[in-house]
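These notes are about the structure you will find just below.
Protein chains: 2
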Amino acid sequence: MNKESAFHLPSQKAPTLLDSRSANERDILTLIRQRSSLPKAEIAQLTGLSAQSATVIIKKLEADGLVRRLKPIKGGVGQPKVPFGLNESGAFGIGLKVGRRSFDMTLLDLKGNVRATLHEKFAYPTVSNLLTFAKRAFNVLIKNLDADQQRLIRGLGVAMPFEIWSWAEEAGAPKNELEEWREFNPQAALEDLLSLPVFIKNDAGAACSAEMSFGNPQNYSSFLYIFVGTFLGGGLVLNNQLVNGKTGNAGAIGSLPFYNGSTQSQLITQSSLYLLERKLNDAGHNGQHIYESPSHWSCDTRSIEDWLSETARGLAFATQCAMSLLDLDGVIIDGAIPDDVKNALVAHTQSAMETLDMRGLAQVHISEGLVGRKAQSIGSANLALQANYY
Amino acid sequence: MNKESAFHLPSQKAPTLLDSRSANERDILTLIRQRSSLPKAEIAQLTGLSAQSATVIIKKLEADGLVRRLKPIKGGVGQPKVPFGLNESGAFGIGLKVGRRSFDMTLLDLKGNVRATLHEKFAYPTVSNLLTFAKRAFNVLIKNLDADQQRLIRGLGVAMPFEIWSWAEEAGAPKNELEEWREFNPQAALEDLLSLPVFIKNDAGAACSAEMSFGNPQNYSSFLYIFVGTFLGGGLVLNNQLVNGKTGNAGAIGSLPFYNGSTQSQLITQSSLYLLERKLNDAGHNGQHIYESPSHWSCDTRSIEDWLSETARGLAFATQCAMSLLDLDGVIIDGAIPDDVKNALVAHTQSAMETLDMRGLAQVHISEGLVGRKAQSIGSANLALQANYY
DNA sequence: TGTTAAATCAATCAGGTTGATTTAATTTGT
DNA sequence: ACAAATTAAATCAACCTGATTGATTTAACA
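If you read the sequences in order, they're chains L and F.
Note that the first sequence ends on residue 1052 in our numbering; no numbers are left out.
Note that the second sequence ends on residue 1052 in our numbering; no numbers are left out.
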């Protein structure tokens, strides 16, 4: 968004189906998504708009196929409420996750349902493989939609690790094979390839957007999102808005300074999954297991337990940093880890917090992310929806 | 601000002189303040508004006495530009700084000039002394304005340390004498006493608002503000807006976790002025000197040098935390310290940064605050102006 | 006298508002 | 048990604010 967006312009043209929404339309869509469904009267109340305006806006959203009239709620005195909910087939987003060990492409509907996914694994990513995969996967995915629905695809979101060419060795890639990514402009290349608007975010930021839109059960309006993947990452939401930062890197808690004993390093070397992989390999187990087994890790519990407490120490540190600087509602921890491990990680982090000096800080709420392992893929697809509707 | 303010309402009534401004009026006032003066054509350009709208809004601001037509700029081809600047006597704010060793009351005009100040020192603050001072000082200050101008006072801003009853010993106050502040509601008490709208902020947040409005020469739109006072504090600005946080405590870097060697503590015990006071006392000098001598510290340079490098280590740490979490434009360091010390502190912090592992982070810009020692007082007075006009 | 850029005029429009009215249910009274 | 009263949601109609665009005026330099 450029400078102009800070100002309060009426929309430039009569908004058609393809136009981006006015601020109030977006606010209302966001509210409906958060509460699943809302009658006009409550919308007016919650937004502070007049009942009349709520009527007019909902009428337009309904005509545009974005919301749908639901069954009236009788039982109370007065005319029954007619709730409106999102029309799941009202718009679609496609997401492309560029990972260090796999590509993912996901078709997401307006309600956040995954309509289809494709996945491709490899030892390390190359640019040409990405473009081939993108083209092929796109053509497969859109088969899930009829011609009308295909026209409702709002764009392609891309989730990509920050500086994918860095940390090559830690990620298990040959040292110089990733250099080509430095020169690659994914936005231009993919817009050209697929003729769709393309939105780029770093992987953790995309995951954060998914949690904000489809998770966040406590409804924090400001929170730090922590994603424990091969490398630690995160995102930041303030007042229900994803914070971008100067270079699009806000929330990157991996770069926080962290002192382990006396050695000065970064938090990424304290709380990342590659450390567990190493630990398992060193103990004579198969470290790859943690990437391949999404829902349960049946491996050396001793290594996992060690890793959990080290990781938790790091996350507790990050939590205190964030609370101190930002005075947040809470912190959400998620990752590419099984549910029981995630649960244990939150518990370990909470107890690690108790050893910290938290004077002057508000009570900290730490909770589990709902979206989980697929957060990056779903988040990438959500970028296009977010850009248009929320 | 409550929930409603997030929505996009037209102003509720025909705005009179007393009403708060519409978003575009505020934006334009902010622009004019930042650039000192602007002709209508440039305002239209910078805001993205049409020339016509710029004309209409400026006409209203001029009628309300907030801006003033300046001398036309000839010399270029075409009709000469007529720049508009803030009318310094168009509005006033009063600020009350509640400190641990003194009270300050300041009368500030729309341009940020201090029209008058009163100061009162003590060993430790009491509630009744505050109220007495507030009443008396207010009556003295308004003598500087004629009757018409007195009606342009837009409110009282109060800058107060967070939990003033804490840290009593470190601040040199008797242990239990500050307990009464826990029960004290400054907003209600002062609104009642002076019949003015009252705005409360913690001291560092108020200082930050002063730097944002009247300093910030690099025009960072997002920055961390660090204020080195008796106790370390700070404030945060994102997209030209002071960030508040859930409990109004965002930017409180004093509570960042800091490990000095192996002992875990908070940054406030690494980078605060009371540490220099102690250091001086321990070395047989007069520690109070640093609070009493605003423009030059003529005392043990060895102690100062030691304190500078320790403090800088802490500030470098805070800088990395902030950059990592928020990906800022820069960091501004200020404090209740002489200019040469401030300068040295920035230099020490910059060189301390070089010892840190900054991989993955954008280039960091660290600069000196312009407003300085009076930032808290000026900032407090600015709160009322900010609330109405920016 | 022509050219240029700033500023204003005039007409219009988008997106809100309020107050009166309609609608469809429950509750009450006889 | 049924009609009337009550209640709350939703809509209608008129209007207002704050923006827009396109044509015109103004005041300087060339």
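We treat Cβ as the ideally placed atom computed from N, Cα and C, and that holds for glycine.
Look at Q1038/F: its C-beta is not under 9 Å from any C-beta on chain L. The stretch 905-912 of chain L and the stretch 974-994 of chain F touch, with no fewer than 3 CB-CB distances between them shorter than 8 Å. With the rule of 3 Cβ pairs closer than 8 Å, the stretch 771-789 of chain L counts as touching the stretch 831-839 of chain L. Under the three-state reduction of DSSP output, N864/L falls in the strand class.
In this chain, Y936/L is not harboured by any beta strand (DSSP E); it is covered by the alpha helix (DSSP H) spanning L935 to D944.
A Cβ of chain L is located within less than 9 Å of the beta carbon of A984/F. In terms of beta-carbon proximity, T1017/L lines the interface with chain F, with at least one pair separated by less than 9 Å. About 16 Å separates the beta carbon of A978/F from that of A1024/F, a gap too long to meet the 8 Å contact definition. DSSP places V905/L in the coil class of the three-state scheme, outside both helix and strand. Looking at the DSSP output, Y887/F shares a beta bridge with G897/F and I994/F. Just so you know, the alpha carbons of L748/L and S698/L end up roughly 7 Å apart. Listed by position along chain L, the residues whose Cβ is nearer than 7 Å to that of S927/F are D1019.
Bounds of the alpha helix (DSSP H) holding V1008/F are D1001 to M1015. T973/F sits in a helix when the DSSP states are folded into three classes. Taking the beta carbon of T717/F as reference, no residue of chain L falls within 7 Å; the closest one sits roughly 16 Å away. Under the Cβ distance rule, V899/F does not count among the residues neighbouring chain L, no pair being separated by less than 9 Å.
A778/L is bridged by DSSP to L769/L. Bridge pairing for N922/L: T925/L [DSSP]. According to the DSSP assignment, G1041/L belongs to the alpha helix (DSSP H) that extends over A1037 to Y1051. Between the alpha carbons of G1034/F and V860/L lies a gap of roughly 45 Å.
Under the three-state reduction of DSSP, A821/F is assigned to strand. Residues of the stretch 936-967 of chain L with a Cβ closer than 8 Å to any Cβ of chain F: none. Contact annotation: R975/F and Q932/F have beta-carbon atoms nearer than 9 Å. Under the three-state reduction of DSSP, P848/L is assigned to helix.
Looking at M822/F, N801/F and A821/F, the one whose alpha-carbon comes closest to that of I815/F is N801/F. The C-beta of H1010/L has 16 or more other C-beta atoms within 10 Å across all chains shown, which makes the residue buried. Within chain F, the residues L987 have their CB atoms less than 7 Å from the CB of G913/L, given in chain order.
By the Cβ test, the stretch 839-859 of chain L is not in contact with the stretch 766-777 of chain L, since fewer than three Cβ pairs between them sit closer than 8 Å.
In the DSSP assignment, F746/F is bridged to L700/F and R731/F. Rounded to the nearest whole angstrom, the CA to CA distance from I705/L to D1002/F is 57 Å. A Cβ-Cβ separation of about 17 Å leaves G752/L out of contact with L1045/L under the 8 Å criterion. The beta carbon of L772/L lies closer than 6 Å to those of L748, E750, G752 and A753 in the same chain, with the five residues before and after it left out.
Neighbours of G916/F in chain L, taken as residues at a C-beta separation under 7 Å, are given in chain order as G1022. With 16 or more other Cβ atoms inside 10 Å of its own Cβ, I1028/L counts as buried. Annotated as distal: F885/F and A998/F, with beta-carbon spacing of 9 Å or more.
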